[in-house]
Amino acid sequence: AQTVTQSQPEMSVQEAETVTLSCTYDTSESDYYLFWYKQPPSRQMILVIRQEAYKQQNATENRFSVNFQKAAKSFSLKISDSQLGDAAMYFCAYRSGGGATNKLIFGTGTLLAVQP
Amino acid sequence: SAVISQKPSRDICQRGTSLTIQCQVDSQVTMMFWYRQQPGQSLTLIATANQGSEATYESGFVIDKFPISRPNLTFSTLTVSNMSPEDSSIYLCSAHLSTQNTEAFFGQGTRLTVV
């Protein structure tokens with residue numbers, strides 16, 4: 088079975104600085120997708136960024152980028168120029184690429200605080 | 134993209150009663166899911182809501198406790214039956230536009246407190 092591990096329960100960053108959130112996963116599959124979701128206090132889950140396992144290039148979305156190390160099964164999220172609105176719980180998630188199911192397996196989350 | 138409306142947004146219920154949570158998507162979706170998020174914890178999949186057939190439940194979740202309906206491609210309900218304080222959680226509905234679409238869209242969740 089696949090597992091997702093986030094070893095940082097809480098992180099803090101100064102506004103305008105850069106922070107990296109860690110995620111590791113375990114799978115025997117070769118085809119899969121990885122995601123970072125943000126959950127602010129409103130509870131709404133928001134997709135931040137996604138990475139296809141078959142792509143070597145790291146995904147980037149504006150101030151958000153990932154460091155995808157497939158051999159090491161590592162998928163970290165880097166937030167540049169942190170803003171107060173980035174404060175939220177961040178979840179790393181895994182999805183099999185086989186198409187039989189679209190269910191997501193989530194890590195335990197990292198609570199990010201942004202200090203003004 | 135898809136917009137998911139989930140209601141109620143929160144409720145306080147007496148133990149032993151049942152609550153039905155509704156999830157409405159603004160477009161037809163192939164797959165809908167129900168997750169539970171216990172206080173301070175991650176999301177755990179309860180079941181996949183299948184249109185036209187019974188839901189597929191994950192280990193640890195049973196139909197008698199969490200009956201699910203999926204009458205069409207835009208709507209699903211989750212019932213939390215015979216509630217106890219341990220059922221106090223956030224329940225989230227999620228959907229994918231198609232099996233090929235990797236992005237999952239989420240409702241805003243239902244915060245359930247059982248007293």
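Chains as they are written, first to last, in the numbering used here: chain A, 88 to 203; chain B, 134 to 248.
Note that beta-carbon positions come from the ideal geometry of N, C-alpha and C, so glycine has one too.
No experiment lies behind these values; they were computed from the predicted model shown.
- Among the CB atoms of chain B, one or more fall inside 8 Å of the CB of Y120 of chain A.
- Three or more Cβ pairs closer than 8 Å define a contact, and the stretch 140 to 157 of chain B falls short of that threshold against the stretch 110 to 129 of chain A.
- Take D173 of chain A, set aside five residues on each side of it, and the residues of its chain with a beta-carbon closer than 7 Å to its own are I166, L199, V201, in chain order.
- For A135 of chain B, there is no enclosing beta strand (DSSP E), as DSSP marks it with neither H nor E.
- As for any beta strand (DSSP E) of minimum length 3 sitting wholly inside the stretch 105 to 147 of chain A, the runs are 106 to 108, 111 to 113, 119 to 126, 133 to 139, ordered along the chain.
- Legend: CB atoms of the stretch 193 to 217 of chain B lying less than 9 Å from CB atoms of chain A are not found in any residue.
- In the three-state DSSP reduction, D220 of chain B falls in the helix class (H, G or I).
- What F178 of chain A touches in chain B, judged by beta-carbon distance under 9 Å, is S175, L176, going in chain order.
- By the Cβ test, the stretch 206 to 213 of chain B is not in contact with the stretch 107 to 126 of chain A, since fewer than three Cβ pairs between them sit closer than 8 Å.
- Here the C-alpha atom of R182 of chain A lies approximately 10 Å from the C-alpha atom of E116 of chain A.
- Rounded to the nearest whole angstrom, the CA to CA distance from V106 of chain A to S163 of chain A is 10 Å.
- Identification of chain B residues near L191 of chain A by a Cβ-Cβ cut-off of 9 Å yields F166, Y168, L176, L178, S227, A237, ordered along the chain.
- For Q131 of chain A, the nearest CB of chain B lies under 8 Å from its own CB, placing it at the interface with that chain.
- In this structure D159 of chain B is exposed. Its beta-carbon is surrounded by fewer than 16 other beta-carbon atoms within 10 angstroms.
- An exposed status is given to D197 of chain B, since fewer than 16 other beta-carbon atoms sit within 10 Å of its beta-carbon.
- According to DSSP, N205 of chain B shares a beta bridge with B:F208.
- DSSP links L152 of chain B through a beta bridge to B:V213.
- With respect to chain A, the C-beta atom of G242 of chain B has a partner C-beta closer than 8 Å.
- When C-beta distances to chain B are compared with 7 Å, the residues of the stretch 161 to 178 of chain A below that value are F178, in chain order.
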